[in-house]
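Engineer:
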Amino acid sequence: MADTNDINSFVEPYVIPEGSDELNENLRLMASSFAVTDDKIREIIAGFHESMKTGLDHDDKDALPMIPTFVRGRPTGQEKGTYLALDLGGTNLRVCQVTLNGDTTYSLVQQKFTITQDAKESRLWDFIAECVGVFLEEHGMKPAPGKRTIPCGYTFSFPIFQTSISSGNLSMWNKGFTVPNSVGRDVVNLTQSAFQRHHVPVEVVAIVNDTVGTLMTSGYSYPDTQMGIIFGTGTNAAYWEKLDSIPKWTGEDRKGEMVVNLEWGAFDNATKVLPYTMHDNKLNRKSPNHGFQVYEKMISGLFLGEVVRNALLSLVDRRLLFEGRSSEILNKSYTFDTAYMSEIVADDSSDLHGVKAVLEGTLDLPPTTLIDRRIVQNVCNMVGTRGVRLSAAAMSAVLLARPELMSSNVSVGIDGSMYQFYPNFEQDLYKVSSVFLDPDFVQNRLQLRLAKDGSGVGAAIVAMTVDRDRA
Numbered sequence: 001m002a003d004t005n006d007i008n009s010f011v012e013p014y015v016i017p018e019g020s021d022e023l024n025e026n027l028r029l030m031a032s033s034f035a036v037t038d039d040k041i042r043e044i045i046a047g048f049h050e051s052m053k054t055g056l057d058h059d060d061k062d063a064l065p066m067i068p069t070f071v072r073g074r075p076t077g078q079e080k081g082t083y084l085a086l087d088l089g090g091t092n093l094r095v096c097q098v099t100l101n102g103d104t105t106y107s108l109v110q111q112k113f114t115i116t117q118d119a120k121e122s123r124l125w126d127f128i129a130e131c132v133g134v135f136l137e138e139h140g141m142k143p144a145p146g147k148r149t150i151p152c153g154y155t156f157s158f159p160i161f162q163t164s165i166s167s168g169n170l171s172m173w174n175k176g177f178t179v180p181n182s183v184g185r186d187v188v189n190l191t192q193s194a195f196q197r198h199h200v201p202v203e204v205v206a207i208v209n210d211t212v213g214t215l216m217t218s219g220y221s222y223p224d225t226q227m228g229i230i231f232g233t234g235t236n237a238a239y240w241e242k243l244d245s246i247p248k249w250t251g252e253d254r255k256g257e258m259v260v261n262l263e264w265g266a267f268d269n270a271t272k273v274l275p276y277t278m279h280d281n282k283l284n285r286k287s288p289n290h291g292f293q294v295y296e297k298m299i300s301g302l303f304l305g306e307v308v309r310n311a312l313l314s315l316v317d318r319r320l321l322f323e324g325r326s327s328e329i330l331n332k333s334y335t336f337d338t339a340y341m342s343e344i345v346a347d348d349s350s351d352l353h354g355v356k357a358v359l360e361g362t363l364d365l366p367p368t369t370l371i372d373r374r375i376v377q378n379v380c381n382m383v384g385t386r387g388v389r390l391s392a393a394a395m396s397a398v399l400l401a402r403p404e405l406m407s408s409n410v411s412v413g414i415d416g417s418m419y420q421f422y423p424n425f426e427q428d429l430y431k432v433s434s435v436f437l438d439p440d441f442v443q444n445r446l447q448l449r450l451a452k453d454g455s456g457v458g459a460a461i462v463a464m465t466v467d468r469d470r471a
């Protein structure tokens, strides 16, 4: 087994014996820049703990946000009932009917509505009410006997400052939305007013983000869930924290627990700890949110392919790859999709014909040599290995922040395309984490579980816990 604290174990596998000395010298330099040794992970975990502690104590632009979510009720898996969830994204509004069966299982009926330009510019709240009204009518959904409204969880994927479990003021619009008279106002109130105008019998009882939803979706099926993570296009995590460990929480009741949203994509924006390369810097300085979400840009699906593209073009510019040639497609930003990385890394054929198909067929490159294809596969592996090791570092850091939980079984609910589709991602999370967590805990008590659709099912489950706890 390779010594993951020895930099050479991250370098020598990428040397190509048939390649030139100049090529291999460049591959060694590149591999060492992407390497994340065990000692580097220990440094990252220590940095995480310091940033988490500061963020729990007070808001600090240089620390993790550690946002209290007001979610305090854990699901048991035994609750029954039918709840509504709204998932408002940049393109679609999804309306979901979630039926909890009382035996840790649930069923989901959903409908997507494409958000019109008119809605994005002016009449969003009425548009939402109209869509929900259509959904209720088509699916025959009515309030439970003796109730006037249907409880609803609301996944709202725009920046808000949350003021309670069921209220949050809009910080700003993005994703092309410009609805007037909304910024600074409570989005639940604006939505609820539209429901009343359109006689839609729905009450928004909880507003959540998709990471909290992932945690709660897993928690309904596996009540020992302590953490929810998204490893997908973006990345974030939420976990259960003791209220007396959140000094900045100003509520009167300090007993029990609350879900905290880490917003961990913002870890180490100053790049003091993370293994930051010239290829990351190129991506970062060209991105619209330059200097922000630096950690997210190193591990999530939206960005990994672009880091690879930058690294490949640096070899092209040295005439060490593709004989110095490129293609119009490869020359454009964000054309090397992270899905291509998955295909390339998984190719174990002797001539790497899968890699050839991506390079020549999809990216329109001129005919490639086997050495070209091996270089590309090696660079994808360098960037992908760094991504999974940094992902495991963050997960381990959060679990180590609650060491008292690790004597029992712990489930971690995870959603996202990296976790689902990147080769060996889950297996490598276990493997890397076992170096920093108790190996017996990782092998016998830690369960990573796919928790699909936190933004739909999870929002409904939060609505259920709020409705249950106020009854």
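Read in order, the letters of the sequence shown are residues 1 to 471 in full-length UniProt numbering. Even for Gly, the Cβ is constructed at its ideal location relative to N, Cα and C.
Taking the alpha-carbon positions, what's the A459 to L370 distance?
Structural biologist: Locating residue 459 in the sequence shown gives position 459, counting from the first residue. Locating residue 370 in the sequence shown gives position 370, counting from the first residue. Roughly 49 Å between the two C-alpha positions.
Engineer: So the candidates are R389, L437, G384, G454; which of them puts its Cα closest to the Cα of F421?
Structural biologist: Translated into positions along the sequence shown, residue 421 becomes position 421. Closest by alpha carbon: G384.
Engineer: Do we get a CB-CB distance below 7 Å when we pair G228 with the residues of chain B?
Structural biologist: The displayed structure is made up of one protein chain only, and chain B is not part of it.
Engineer: Please determine, among P423, V442, D438, Y419, the residue with the shortest C-alpha to C-alpha distance to Y430.
Structural biologist: For the purposes of this step, residue 430 is identified with residue 430 of the sequence shown, where counting begins at 1. Nearest of P423, V442, D438, Y419 to Y430, Cα basis: V442.
Engineer: In or out: N381 buried (at least 16 other Cβ within 10 Å) or exposed?
Structural biologist: For the purposes of this step, residue 381 is taken as residue 381 along the sequence shown, with counting starting at 1. Label assigned to N381: buried.
Engineer: In chain order, what residues of the same chain have a beta carbon less than 7 Å from the beta carbon of F161, not counting five sequence neighbours either side?
Structural biologist: Taking the first residue of the sequence shown as position 1, residue 161 is located at position 161. Excluding residues within five positions, the ones whose Cβ falls inside 7 Å are G168, N169, S171.
Engineer: Do T217 and V457 come within 7 Å of each other at the CB atom, strictly closer than that value?
Structural biologist: Stepping through the sequence shown from its first residue, residue 457 is reached at position 457. Stepping through the sequence shown from its first residue, residue 217 is reached at position 217. Result yes, Cβ atoms of V457 and T217 sit closer than 7 Å.
Engineer: Could you tell me the alpha carbon to alpha carbon distance between A346 and K356, rounded to whole angstroms?
Structural biologist: Mapped onto the sequence shown, residue 346 falls at position 346. Mapped onto the sequence shown, residue 356 falls at position 356. When rounded, the distance between both Cα atoms is 13 Å.
Engineer: Straight-line CA distance for D438 to V432?
Structural biologist: As a first step, residue 438 is located in the sequence shown; it is residue number 438 there, counting from the start. As a first step, residue 432 is located in the sequence shown; it is residue number 432 there, counting from the start. Roughly 11 Å between the two C-alpha positions.
Engineer: Between which two residues does the alpha helix (DSSP H) containing G55 stretch?
Structural biologist: For the purposes of this step, residue 55 is taken as the residue at position 55 of the sequence shown. Where G55 is concerned, the enclosing alpha helix (DSSP H) stretches over 38-57.
Engineer: Just to confirm before moving on: does the CB-CB distance between N261 and T104 stay below 7 Å?
Structural biologist: For this step, residue 261 is matched to residue 261 along the sequence shown. For this step, residue 104 is matched to residue 104 along the sequence shown. Not a contact, by the Cβ cut-off of 7 Å.
Engineer: Quick check on this structure: which residue in P275, I414, E203, S182 has the alpha carbon closest to the alpha carbon of M30?
Structural biologist: For the purposes of this step, residue 30 is identified with residue 30 of the sequence shown, where counting begins at 1. Considering only alpha carbons, the answer is P275.
Engineer: Between the alpha carbons of M141 and V294, how many angstroms are there, rounded?
Structural biologist: The count along the sequence shown starts at 1 and reaches residue 141 at position 141. The count along the sequence shown starts at 1 and reaches residue 294 at position 294. Each residue's Cα considered, the two are about 44 Å apart.
Engineer: In terms of residue numbering, what span does the alpha helix (DSSP H) encompassing D21 cover?
Structural biologist: For this step, residue 21 is matched to residue 21 along the sequence shown. Start and end: 21-34.
Engineer: Taking 6 Å as the limit between beta carbons, can you name the residues of its chain near D374, skipping five residues before and five after?
Structural biologist: If you number the sequence shown from 1, residue 374 lands on position 374. A small correction: the amino acid at residue 374 is Arg; Asp does not occupy that position in the sequence shown. Result list for R374: I16, in chain order.
Engineer: Which value, in whole angstroms, describes the spacing of the CA atoms of L27 and M341?
Structural biologist: Position 27 of the sequence shown, counted from the first residue, corresponds to residue 27. Position 341 of the sequence shown, counted from the first residue, corresponds to residue 341. Those two C-alpha atoms are separated by around 18 Å.
Engineer: Can you list, in chain order, the residues of its chain with a C-beta nearer than 7 Å to that of V202? Leave out the 5 residues immediately preceding and following it.
Structural biologist: Within the sequence shown, the letter at position 202 stands for residue 202. If we look at V202 and ignore the five residues flanking it on each side, its Cβ neighbours are L84, V132, T149, I150, C152, F195.
Engineer: Classify T250: buried if its beta carbon has 16 or more other beta carbons within 10 angstroms, exposed otherwise.
Structural biologist: Counting from 1 along the sequence shown, the entry for residue 250 is found at position 250. With fewer than 16 Cβ atoms within 10 Å of its Cβ, T250 is classed as exposed.
Engineer: Could you please give me the residues that DSSP links to I246 through a beta bridge?
Structural biologist: Numbered from 1 along the sequence shown, position 246 holds the residue referred to as residue 246. DSSP output for I246 lists no bridge partner at all.
Engineer: Given that a residue counts as buried once 16 or more other Cβ atoms are within 10 Å of its Cβ, and exposed if not, what is A144?
Structural biologist: Within the sequence shown, numbered from 1, the residue matching residue 144 stands at position 144. When all chains shown are included, A144 counts as exposed.
Engineer: Hey, would you say the C-beta of G55 is under 6 Å away from at least one heavy atom of the ligand ZN?
Structural biologist: Looking at this structure, you won't find the ligand ZN or any other ligand, since it has none at all.
Engineer: Taking 7 Å as the threshold (C-beta atoms), are V379 and V308 in contact?
Structural biologist: Residue mapping note: residue 308 aligns to position 308 of the sequence shown, counting from 1. Residue mapping note: residue 379 aligns to position 379 of the sequence shown, counting from 1. Yes. Within cutoff.
Engineer: Whole angstroms are fine: how far does the CA of L64 sit from the CA of V187?
Structural biologist: Counting from 1 along the sequence shown, the entry for residue 187 is found at position 187. Counting from 1 along the sequence shown, the entry for residue 64 is found at position 64. Cα to Cα, the separation comes out at about 25 Å.
Engineer: Excluding sequence positions up to five away, which residues of its chain have a Cβ less than 8 Å from the Cβ of M395?
Structural biologist: As a first step, residue 395 must be located in the sequence shown, where it is residue number 395. For M395, where only same-chain residues beyond five positions count, the Cβ hits under 8 Å are M227, I229, A237, V412, L429, S433.
Engineer: For S94, count neighbouring Cβ atoms within 10 angstroms of its own Cβ and tell me buried if that reaches 16, exposed if not.
Structural biologist: Here the question's residue 94 lines up with position 94 in the sequence shown. Correcting the residue identity first, residue 94 is Arg in this sequence and not Ser. Buried, because 16 or more other Cβ atoms sit within 10 Å of the Cβ of R94.
Engineer: Threshold first: 4 residues or longer. Then list the alpha helix (DSSP H) segments lying entirely within the region 309-387, N to C.
Structural biologist: Whole alpha helix (DSSP H) segments, 4+ residues: 328-331, 338-346, 353-356.
Engineer: If L468 and E130 are in contact, beta carbons under 8 Å, what's the gap, nearest whole angstrom?
Structural biologist: For this step, residue 468 is matched to residue 468 along the sequence shown. For this step, residue 130 is matched to residue 130 along the sequence shown. Note that residue 468 is Arg in the sequence shown, not Leu. Contact flag wrong, Cβ pair sits at about 30 Å.
Engineer: From which residue to which residue does the beta strand (DSSP E) around L215 run?
Structural biologist: The residue you call residue 215 lines up with position 215 of the sequence shown. That residue, L215, is in no beta strand (DSSP E); its alpha helix (DSSP H) goes 210-221.
Engineer: Using the C-alpha atoms, what's the distance from V376 back to residue 472?
Structural biologist: Past the boundaries of the shown model lies residue 472; the chain is included only from 1 to 471, so the question cannot be answered.
Engineer: Roughly how many angstroms lie between the CA atoms of V462 and N8, to the nearest whole one?
Structural biologist: Here the question's residue 462 lines up with position 462 in the sequence shown. Here the question's residue 8 lines up with position 8 in the sequence shown. So the two alpha carbons sit approximately 47 Å from each other.
Engineer: Just list the beta strand (DSSP E) runs in the region 390-461, keeping only unbroken ones of 3 residues or longer that don't cross its boundaries, in chain order.
Structural biologist: The region 390-461 contains these whole beta strand (DSSP E) runs: 410-415, 446-450.
Engineer: Quick check on Y276: does DSSP put it in helix, strand or coil?
Structural biologist: For the purposes of this step, residue 276 is taken as residue 276 along the sequence shown, with counting starting at 1. Correct three-state label for Y276: coil.
Engineer: Using only alpha-carbon positions, find the residue among Y222, K242, A311, S349 that is nearest to P75.
Structural biologist: Looking up residue 75 in the sequence shown gives position 75. If we check each option's Cα against that of P75, Y222 comes out closest.
Engineer: Have a look at L320 and G416 and give me their C-alpha separation to the nearest angstrom.
Structural biologist: Taking the first residue of the sequence shown as position 1, residue 320 is located at position 320. Taking the first residue of the sequence shown as position 1, residue 416 is located at position 416. Cα to Cα, L320 sits roughly 35 Å from G416.
Engineer: Please classify D210: is it buried, with 16 or more other beta-carbons within 10 angstroms of its beta-carbon, or exposed?
Structural biologist: Numbered from 1 along the sequence shown, position 210 holds the residue referred to as residue 210. Per the 10 Å Cβ criterion, buried.
Engineer: Are V11 and R386 close, meaning C-beta to C-beta below 7 Å?
Structural biologist: Here residue 11 corresponds to residue number 11 of the sequence shown, with the count starting at 1. Here residue 386 corresponds to residue number 386 of the sequence shown, with the count starting at 1. Contact flag unset, no.
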